[in-house]
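Protein sequence lines correspond, in order, to chains W and B.
The opening residue of the first sequence carries number -12 in the numbering used here; numbering runs sequentially from there.
The opening residue of the second sequence carries number 3 in the numbering used here; numbering runs sequentially from there.
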Amino acid sequence: MRIREMTAFRPAMRLGSNTLWQTLLQPLFLVSCAVALWAISLPGVDPRNMSDLGLVSVLPPTFFAALAILTISFGLTVFQEAVSTPILLLHMVLYIFMIHGTPQIVYGTLRYSWAWKHVGIIDYIQRHGSVDPTIGILNAYHNWPGFFALGALLTDASGFSSALSFAGWGPVFFNLIDLGALLVIFKALTDDRRLIWLSVWFFFLASWIGQDYFSPQAMTYFLYLVVLGIVLTWLRMRQVPSRQSIKNWLRFDRISDSMHTLMQRANPEGVVASSATPAQRMGLILVLIMVFFVIASSHQLTPLMLFSALSALVIFQVTRERSLPILVAVITSAWIIFMTVGFLDANLAWVVQSIGSFGANFNATLINLSTASAGQRFIAWMDRGLSAAIWVLAGLGLLRRVRSGSWDLPAMLLAVSPIPMLVLNSYGGEMLFRVYYFGLPFVAFFAASLLYPTLNAGHSWHTPALTAILSFFLLSGFLFAYYGKDRMYYFSPQEVAAANYLTQNAPKGSLIVDGSWDWPLQYKNYEFYNYLSIASLSKSDRLKVMNDPVGVLSQWMDDVPSQDQVVSSGQKVYIPAEPTGSGDGDDYPAAYLIITKSQEAHIEMTGLMPAGSFVKIEKALEQSGRYKVVFSNQDATILKLIDPQEGPSS
Amino acid sequence: MKLNHTTLWSLISLFSALAASLAMLLPLSIPWRPLITFWFLLFCPGMAVIPFFHFKDRLTELVLALAFSIVLDTSVALLMVVAKIWSPFWGLTLIISLSALAAFAQIWIWRYGSARTAVLENEGQQ
């Protein structure tokens, strides 16, 4: 298809020749306006006033005006064939800073509680110089420590005391490097630079999943894109294989014939793409082996996605390196067998149980709309609508591409290759999101193909207008979907101060009870403490706490439970190998309850517990006389059990 | 001898390795040390190695340089963590050494290649 596009006749631009104004001055002027509006929109934003619609609810009109101008400018710029790459790059970089830099600038604290936990694992490595694969809490991270080892190296080598110093800029960094990898991929799929840049634009407009924060998956996703970029650019099949060679590979006549027909249609000229020299090929495969090793040691899901993608490319003869999926499988299996025994001991049962449960794995991702707040129901429909919209656009784009003779077999395969993962596992209720995310680059490519299906198409004034309209449509969904949960993802400096108080004052072995896991927890000395989240309890246990907070919580906070008690009550409690109780050996040295603004927001937004539940619990404990307030500010309260040994039992 | 972009990359890697060494050894003020270290660790190992492949596309080279740097840094850090020999100083030293070695090799190839070309051109003229 590349050959077809390269040799296609290009009609003269109907809008006349490109002028300096259209290709340089106009985009620079519009981009400058967008930057100015963005800059003046940020100082007045108060994230404390966020509603259930998230950050969008407190951003001023100037912020949206800045995005609108940038969108219009991009639509006009990408349309111009003579526009230089730096101008297009400027739009993309600015978009990434505006979307992903804004929360960091406005909040000033690390967004999203899981990012704090990742900082906590790096803190563990900095202090211990190793990981503990048998540790009871956040166990998976110790078994796949690649990203955290890198984080610890970066932190220590830079002279920082904690990864908190730079983790907040993770989304900006990861999106910027993803941009480079996406350009490599799209350049391998088409020679039409309008299609290349619009695909990148649509990718970032539909990438609402939020896996770009400071996390192993963000790093391995970039490496996943790089692997695909290398394979599609340098390790492609030189020409469509003969019917006989496909038969030798696939054995069955009918399948081989169908495959040959499909591949001929996908590559009518027979010649597919440029390829690497033998020396380049050898070097690239060595690099790929190192990449596979880092992916396998850093994240559980990405190797499976990579295996699926590479297998599809090998089966359909897109790449001639048939060993690639085998290498991924061998390296990943070796890592799992030899390095993750501690994790498998504790988790193998549920991993095996969820294999084949397609329906359950699918539904586990979607939030329960019957209990969520009205705002969150709206957000859920926006993110579902955005996901559906980009797939519908991609379907229409694919039709246009096929009608014009471009079958784009590699992109088709890679758009659907993550889907089989839904059969494997629910992945903690996130599998559907991940499937969407891994297929998104290729879905975005087809969605962009709707506007620029061939080099000959998309030259009328309708195209920039339609680009702007579709971009506004996707952007409005994206802003709600991406920022929609920020009322619970934002942690105020006061909440961080409360978390700091605990890490500085709670003795080793203490129990830290929280309303929900949604606060800046476990970022420092995390293995010193035991944890219990009320919102993570079973429904019956949550009811017990609500009905008798003093009795139930005092009993739990008084004594270290046995392993049986922990399992039966569904508590997320980490029991240290040697409890360090101060009394009879069964007590925690201290027990705290921390309630924060973001925890309240979490239960209100998800409907896990009635609104105001934590305030009621907090007041009941205060009034009981058995707890004292040891820390309090406008966003957080910490209560400490005064004398655990004399607590009433329910 | 004309400085090509491959050699320019190698020189940048070499100077960055030197700067990272100084940042590690000298008590530089905080704002500069992270900038130099991040720049070096995230780009330079790849910039020193990837030009060996002779890709003609700058974008591909840049993305691969970044990916290779991340992969090399992670591999070194992971090795230290798994083997329980954690030492950021020695880890960084190893990465600096490997990068400097690759950059020197690039520069040597450039000088040798240029000198050889000049000799061949002279022979051709005679």
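Using N, Cα and C, we set each Cβ at its ideal position, and we do this for glycine too.
Bear in mind the structure is a predicted one, so any value in this text is a computation, not a measurement.
With a threshold of 8 angstroms between beta carbons, Pro132/W makes contact with chain B. For Leu373/W, the uninterrupted alpha helix (DSSP H) segment begins and ends at Ala361 to Arg390.
Using a Cβ-Cβ distance cut-off of 8 angstroms, the stretch 97 to 106 of chain B and the stretch 18 to 30 of chain B are in contact, since at least three pairs of beta carbons, one from each stretch, lie closer than that value. Taking Phe190/W as the centre and dropping the five residues before and after it, the same chain places the C-beta of Leu169, Leu427, Pro428 and Ala431 closer than 7 angstroms to its C-beta, in chain order.
DSSP, read as helix, strand or coil, puts Ser611/W in helix. The Cβ atoms of Ala578/W and Leu524/W do not sit closer than 8 angstroms to each other. By the 16-neighbour rule on beta-carbons within 10 angstroms, Trp34/B is exposed. As DSSP reads the structure, Phe618/W sits in a beta bridge with Ile625/W.
Residue contact check for Thr76/B against chain W: a CB pair falls below 8 angstroms. Counting along the chain, the unbroken beta strand (DSSP E) around Ser520/W starts and ends at Asn517 to Ser520. CA-to-CA, the gap between Ser458/W and Ala435/W works out to about 10 angstroms. Along the stretch 493 to 512 of chain W, none of the residues has a CB nearer than 8 angstroms to a CB of chain B. Your pair Gly502/W and Phe618/W does not check out as a contact, with CB atoms roughly 15 angstroms apart and the cut at 8 angstroms. Note on His56/B: under 16 other CB atoms within 10 angstroms of its CB, so exposed under the neighbour-count rule. Interface residue (Cβ-Cβ distance to chain B less than 8 angstroms): Gly146/W is classified as such. The DSSP-derived three-state label of Thr177/W is coil. Unbroken beta strand (DSSP E) runs of no fewer than 3 residues, entirely contained in the stretch 383 to 466 of chain W, are not found. For Met277/W, the C-beta contacts it makes with chain B under 7 angstroms involve Val73 and Ser77, in order along the chain. Between Ser285/W and Thr207/W, the gap from beta carbon to beta carbon is short of 8 angstroms. Not one beta carbon of chain W lies nearer than 8 angstroms to the beta carbon of Met49/B. In chain order, Ser145, Gly146, Phe147, Ser152 and Phe153 make up the part of chain W whose C-beta sits under 8 angstroms from the C-beta of Pro36/B. Contact check between the stretch 503 to 516 of chain W and the stretch 537 to 545 of chain W: fewer than three CB pairs, one atom from each, fall below 8 angstroms, which does not count as touching.
Inclusion of Gly133/W and Val281/W in the CB contact set at 8 angstroms is warranted, their separation being smaller than that value.
Taking a cut-off of 8 angstroms on C-beta distances, the stretch 224 to 234 of chain W does not touch the stretch 453 to 471 of chain W, as fewer than three cross pairs fall below it. Excluding residues up to 5 positions away in sequence, Phe135, Gly138, Ala139, Thr142 and Ala150 lie with their Cβ nearer than 7 angstroms to the Cβ of Ile109/W in the same chain. Here DSSP, grouped into helix, strand and coil, assigns Asp528/W to helix.
In the pairwise beta carbon analysis, the stretch 27 to 44 of chain W is classified as not touching the stretch 173 to 186 of chain W: fewer than three pairs are separated by under 8 angstroms. For the pair Asp165/W and Leu212/W, the Cα-to-Cα distance works out to about 7 angstroms. Counting other Cβ atoms within 10 Å of its Cβ, Ser447/W stays below 16 and is therefore classed as exposed.
In terms of beta-carbon proximity, Met79/W stays away from the interface with chain B, with every pair separated by 8 angstroms or more.
Taking each of Ala85/B, Leu20/B and Leu13/B in turn and checking the Cα distance to Leu94/B, the smallest one comes out for Leu20/B.
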